[in-house]
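Since the structure comes first, as structure tokens, the remarks are kept for the end.
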Amino acid sequence: MFKLITNLPRLVLFAGVLLANSSLHAQQAAKALPSLPPLPEYPAVTQIDANTSGEIYFQSTNPGDYKQLVLADQPSPDITVKALLTLPNNATAEHPVSAMVILHGSGGILPSRELDYAKWLAGQGVATMVIDTYAARGVTEQTPYGLRVAIVSDADEVADAYAALKLLNQHPLINHNKIGVMGFSYGGMATRAALDKRIYQNLANGVAPFALHVDFYGPCHFSLQSEHTTGAPYFSFRGAEDASNDLARCAKVEQHIRQTGSTAGSHIFANAGHGWEMTTERKFVATLNPAPCEQLLTPEGNWQLNGKLIEMPDNSDATIQFQTRLQLLGQMKQSCMSEGYIMGKDNVTHVQSNKMLFELIQRYL
């Protein structure tokens, strides 16, 4: 959540009221809402061999929400996704290297964050795969921020992460047992959700699960209420001055991760806000903040938002998923979201978190 929101409060509030109003005909509601953007015309998926690197294309699914991920009988349409695969110079078939899948935040791929981490980690001997979940679903730099988070959910990032895991298992220069995942904010939420054993079994059973999950300041307002994790270790980096992360709730989330099968650890940077890798100066940004909300996934794949049940569609149609997500965001805006948090450049925290990240990679990958 990295850009100033100018239209999201009005958009989601309007959508939530509109879709919840039973007196409006469904066709009237559909006409009044924004439409989904067209999908990009990507080339065929990349055939993987020892020479594969750079811009690649792979097949994923487009779930729209977590119901399609946690329930085995929920279909999701296929979608082609673009990614940047960077290999270190020391990668060989005789000595395959570890890898990190990188999930972007809700502001999209930033040169100072996702792309810089790809280069830096490759320089440390770790392959990286930066996934562009937004572009695959028609989101561009011109797409208003409010629509971005309605068109693409963090569940879509989870689906892309597991599709990337399966693809990297085909690469001769990658150690298939040493692939981790890391994400920022929106992508941090997806990194944490990817621990759910149901999702792993539904999306990537047959390959080894991610060997490490690293969550950079992913908000903790939602829980999939998982009964079992994949068993992989999970670590989070958070800022004490980042109001988008309710640290008490994050501690409870991480305790639940321990209770359901994984090692979990967290480091709180005392003076840090949100998005410390950014190039913009640190400041308070007036943007919607989900931290006060409590969003729990039921066993049936529906959401309880502050105790109120919101049924999610069985239908995998992208338009229906989009309209339902607009409704969910509208109700969050009405009932629990607060305004803004501190974000921006913090070089000291950036250096410290880099050091800790690399220590985790050395330990677990």
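For reference, each letter of the sequence shown is one residue, going -26 to -1, 1 to 339 in mature numbering (1 follows the signal peptide of the UniProt record, and there is no 0).
All residues carry an ideal CB built from backbone N, CA and C; glycine is no exception.
Can you name, in chain order, every residue of its own chain whose Cβ lies under 6 Å from the Cβ of residue i, other than the five neighbours on each side?
i	result
Q42	Q48, S50
S34	I53, V55, A133, D134, A137
E200	Note that residue 200 is Ser in the sequence shown, not Glu. For S200, where only same-chain residues beyond five positions count, the Cβ hits under 6 Å are D170, T234.
D189	G162, T165, R166, S210
E88	I76, H78, V104
R223	C194
A46	N176
L13	G112
P287	I294, T298
D90	none
Note the first and the last residue of the continuous beta strand (DSSP E) segment covering residue i.
i	result
S210	208 to 213
V113	That residue, V113, is in no beta strand (DSSP E); it is neither H nor E in DSSP.
E313	312 to 317
A238	238 to 243
I30	28 to 35
M74	71 to 77
H145	Taken as a continuous stretch (DSSP letters only), H145 belongs to no beta strand (DSSP E), as it is neither H nor E.
L10	From DSSP, L10 is part of no beta strand (DSSP E); its letter is neither H nor E.
Count the other CB atoms within 10 Å of the CB of residue i; is the residue buried (16 or more) or exposed (fewer)?
i	result
P37	buried
I335	buried
H195	buried
N176	buried
Q301	buried
K282	exposed
K226	exposed
A217	buried
E228	buried
R337	exposed
Q297	buried
E115	exposed
N179	exposed
A260	exposed
E333	exposed
N63	exposed
H131	Position check: residue 131 holds Glu in this sequence, whereas His was assumed. Result: buried.
S236	buried
H69	exposed
Excluding five sequence neighbours on each side, which residues of the same chain lie with their C-beta closer than 7 Å to the C-beta of residue i?
i	result
I22	L141, Q144, H145
D128	Y160, M163, A164, A167
A67	A24, P146, L147
E285	N276
A65	V71, A101, L147
E29	K56, L58
E255	G318, K319
G99	P62, N64, V71
Can you list, in chain order, the residues of its chain whose CB lies under 8 Å from that of residue i, leaving out five sequence neighbours each side?
i	result
Y31	Y16, P17, A18, V19, T20, T54, V55, K56, A57
Q2	For Q2, the predicted structure reports a pLDDT of 47, less than 50, and the residue's modelled location is therefore unreliable. A value from the coordinates is still provided. Cβ neighbours of Q2 beyond the five flanking positions: none.
A214	L221, I242, F243, A244, N245, A246
S197	V227, H230, Q269, L270, L271
Y191	F158, S159, G162, S210, F211, R212, G213, D216, S218, N219, H248, G249
If you follow the alpha helix (DSSP H) that residue i is part of, which residue opens it and which one closes it?
i	result
I83	No alpha helix (DSSP H) contains I83, which DSSP labels as neither H nor E.
A46	Where A46 is concerned, there is no enclosing alpha helix (DSSP H), given that its DSSP letter is neither H nor E.
F296	292 to 309
F184	Looking at the DSSP string, F184 is not in any alpha helix (DSSP H), and its letter there is neither H nor E.
G97	90 to 97
A164	160 to 167
I231	221 to 233
A18	Here A18 belongs to no alpha helix (DSSP H), and DSSP marks it neither H nor E.
N276	Where N276 is concerned, there is no enclosing alpha helix (DSSP H), given that its DSSP letter is neither H nor E.
Would you say residue i and residue j are within 8 Å of each other, going by their C-beta atoms?
i	j	result
G97	Y160	no
P193	A265	yes
I148	A101	yes
residue 382	E313	The shown model of the chain, from -26 to 339, leaves out residue 382, and the question about it has no answer.
D39	R299	yes
R111	V126	yes
T60	S86	no
F258	I316	yes
C267	M306	yes
Against chain B, does residue i count as a neighbour if the rule is that its beta carbon must be under 8 Å from one of theirs?
i	result
P8	As a matter of chain content, chain B is missing from the structure shown, which is built from one protein chain.
Please tell me whether, using a cut-off of 7 Å, the distance from the CB of residue i to the nearest non-hydrogen atom of the ligand GDP is below it.
i	result
R122	As far as ligands go, the structure on display features none, and thus does not contain the ligand GDP.
Report task. Check whether the stretch 145 to 160 touches the stretch 73 to 82, counting contact only when three or more Cβ pairs, one atom from each stretch, lie closer than 8 Å. Result -> yes
Query raised in the report: Does the stretch 245 to 253 come close enough to the stretch 317 to 329 to have 3 or more Cβ pairs within less than 8 Å?
Result: Enough Cβ pairs lie closer than 8 Å, so yes.
Query raised in the report: Would you call the stretch 180 to 192 and the stretch 92 to 108 in contact, with 3 or more CB pairs under 8 Å?
Result: no
Query raised in the report: Do the stretch 162 to 178 and the stretch 208 to 227 meet, that is, are 3 or more Cβ pairs less than 8 Å apart?
Result: yes
Query raised in the report: Between the stretch 238 to 247 and the stretch 269 to 280, are three or more C-beta pairs nearer than 8 Å?
Result: no
Query - At least 3 beta-carbon pairs within less than 8 Å: the stretch 285 to 299 vs the stretch 6 to 13 - result: yes
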